[in-house]
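This report refers to the structure that appears directly beneath it.
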Amino acid sequence: SKVPTLTLNNGIAMPQLGFGVWQVPDDEAAQAVGTALEAGYRSIDTAAVYGNEEGTGKAIAASGLDRADLFVTTKLWNSEQGYDSTLRAFDVSLAKLGLEYVDLYLIHWPVPSAGKYVDTYKAFEKILADGRAKAIGVSNFLPAHLERLLGETSVVPAVNQIELHPQLQQAESRAVHQKHGVLTEAWSPLGQGKGLLEVPTVLAIARKHERTPAQVVLRWHLQLGNVVIPKSVTPSRIQENIDVFGFELDADDLAAFAALDEGRRIGPDPAGFND
Ligand code: NAD
């Protein structure tokens with residue numbers, strides 16, 4: 379594949395760039411994922427709550443690719459947290475995907491007020507031990523949630539998938555992840571395609587490299603060491619977003635990106651997101 383891999387803390391290789399399918403309706407997911415697989419993506423990021431595990435699974439089955447060459451992530455939804463309910467929810471996700479294992483299973487949000495993420499993660503450890511997930515991890519965990527998990531469970535999460543883009547650079551979380559061997563995966567890496575791709579600094583760097591704003595933003599993530607999972611349903615953009623391995627940002631570009639950090643979230647604050 380054209381996408382390099384990073385090695386997770388348990389030795390499993392994960393493509394550094396994948397395809398996100400949040401907000402893609404189930405009946406469009408098969409086509410979008412199929413387009414992505416044809417374009418060379420080998421990692422797909424879905425979740426039970428996205429409602430498109432079936433469409434994603436159909437595209438995987440139709441692709442004719444070897445299962446071993448794919449990296450499939452799904453996530454446990456908040457309402458299913460707890461040991462037994464997690465095991466049941468995982469069975470449902472696997473069945474919808476039509477797979478015998480996932481490559482990565484994530485706790486979607488910590489939901490600290492429910493107080494269940496440690497028990498939930500113990501079910502994840504069982505799923506890992508049974509070989510039904512090749513790696514397990516978390517999403518939207520703040521450093522305090524991660525520290526608690528590390529203190530009360532055995533398997534260090536392979537990944538923490540968090541909101542991260544040039545306007546929310548997450549220096550503190552990234553440092554905590556690095557200290558513990560947790561890979562940082564960036565969700566909404568393009569800032570959801572809203573204001574970020576029109577910021578003058580981003581436009582200037584794009585012009586300098588004769589690339590698009592989305593491509594230089596993705597390049598910034600890759601050079602930082604993040605895993606990225608940009609989403610698009612537009613074939614030309616799906617192609618564009620994976621065509622980011624033929625150029626490099628220089629130190630000036632990286633300094634200009636560093637100055638864009640506003641510490642501003644687009645999505646919810648994980649401390650209070652208890653859906
Ligand atoms: P994103 O930053 O990937 O932006 C996607 C949007 O940007 C598209 O809908 C489109 O409008 C625009 N876009 C995409 N490519 C473009 C291009 N080349 N040029 C111009 N505009 C372009 O946002 P996202 O979908 O929120 O995040 C990516 C993935 O991260 C999701 O699909 C999902 O898999 C994951 N995610 C996870 C969580 C979580 O809680 N764990 C939350 C949000 C997203």
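To get the numbering used here, take the position in the sequence shown, counting from 1, and add 378.
We put the beta carbon where it would ideally sit given N, CA and C, even for glycine.
Each residue's CA atom was taken as its position, placing Arg-552 and Thr-562 some 7 Å apart.
Between the alpha carbons of Ile-438 and Asp-621 lies a distance of about 21 Å. Beta bridge pairing from DSSP links Gly-515 with Leu-484. Taken in chain order, the complete alpha helix (DSSP H) segments of 4 or more residues contained in the stretch 434 to 499 are 461 to 475.
Counting along the chain, Leu-528 sits inside the alpha helix (DSSP H) bounded by residues 521 to 530. Between the beta-carbon of Leu-527 and that of Val-537 there is about 13 Å, and that puts the pair past the 8 Å contact cut. DSSP, reduced to helix, strand and coil, places Val-533 outside both helices and strands of the structure shown, so it counts as coil. Between Ile-583 and Val-594, the C-beta spacing is below 8 Å. Sequence-distant Cβ neighbours of Gln-556 in its own chain, meaning closer than 7 Å and more than five residues away, do not exist here. DSSP, reduced to helix, strand and coil, places Glu-406 within a helical segment of the structure shown. Between Pro-567 and Leu-596 the beta-carbon gap is near 6 Å, inside 8 Å, which marks them as a contact. By the Cβ criterion, the stretch 476 to 483 is in contact with the stretch 428 to 447, since at least three pairs of Cβ atoms, one from each stretch, lie closer than 8 Å. Taking Glu-530 as reference, the option from Gly-624, Leu-546, Glu-503, Gln-545 with the minimal CA-CA separation is Glu-503. For the set Glu-541, Pro-535, His-558, the Cα lying nearest the Cα of Asp-639 is the one of Glu-541.
The beta-bridge partner set that DSSP reports for Gln-539 consists of Ser-517, Glu-563.
One Cα belongs to Ala-649, the other to Gly-396, and the distance between them is close to 27 Å.
Counting C-beta atoms within 10 angstroms of its own C-beta, Arg-642 has fewer than 16 neighbours from the protein chains shown and is therefore classed as exposed. With a threshold of 7 Å, the Cβ atom of His-599 does not count as near the ligand NAD, since no heavy atom of the ligand is closer than that. Spatial neighbours of Pro-393 in its own chain (CB-CB distance under 6 Å, excluding positions within 5 residues in sequence) are listed in chain order as Val-381, Thr-383, Arg-420, Ser-421, Phe-449. Rounded to whole angstroms, the separation of the alpha carbons of Val-554 and Gly-460 is 26 Å. Counting the other Cβ atoms within 10 Å of the Cβ of Val-470 gives fewer than 16, which makes it exposed.
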